[in-house]
Amino acid sequence: MMQMRHGGGAASEGFGAVMQRMQGAMMMAMAIGDPDLAFACGMIPHHQGAISIVRTVQQHGKDQTIKAMAQKMIDDQTQEIKELTDWIGQHGQR
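Its first residue numbered 1, the sequence shown is counted upward by one per residue in full-length UniProt numbering.
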């Protein structure tokens, strides 16, 4: 993956904090013995982290195309979180 550093600032700090929280929650989920449940539980914090990053882009970004893509990502990730949560509710006690 290509890394670019262009000055940091509030957006970069926000991205870093989100990534740390997301990684910890995902690692905890991956310790679940059932691979299906581990996947579902791990993807929720992954999607929540993505939504947090996207909100930072919406707040600090300037490009309207990126902001539109970001909104679509929020909509899609929110729906997927709901689907994963519903699946866990139905299948979580195996």
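For glycine and all other residues, C-beta sits at the position ideal for the given N, C-alpha and C.
With distances taken Cα to Cα, identify the nearest neighbour of residue i among the options.
i: G24; options: M43, I66 and P35; result: M43
i: G49; options: A40, Q90, H60 and I74; result: I74
Who are the near neighbours of residue i in its chain, counting only those whose CB is closer than 6 angstroms to its CB and skipping five residues on each side?
i: D36; result: none
i: Q84; result: For clarity, residue 84 is Leu in the given sequence; the question names Gln instead. These residues qualify, in order along the chain: A40, M43 and I44.
i: M27; result: none
Buried or exposed, going by whether 16 or more other CB atoms sit within 10 Å of the CB of residue i?
i: A70; result: buried
i: H47; result: buried
i: Q64; result: exposed
If I measure Cβ to Cβ from residue i and keep anything under 7 angstroms in the same chain, skipping five residues before and after, which residues do I get?
i: M30; result: A38 and G42
Inset, instruction - Mind listing, in chain order, the continuous alpha helix (DSSP H) runs of no fewer than 4 residues lying wholly within the UniProt domain "DUF305" (6–87)? - result: 10–30 and 35–60
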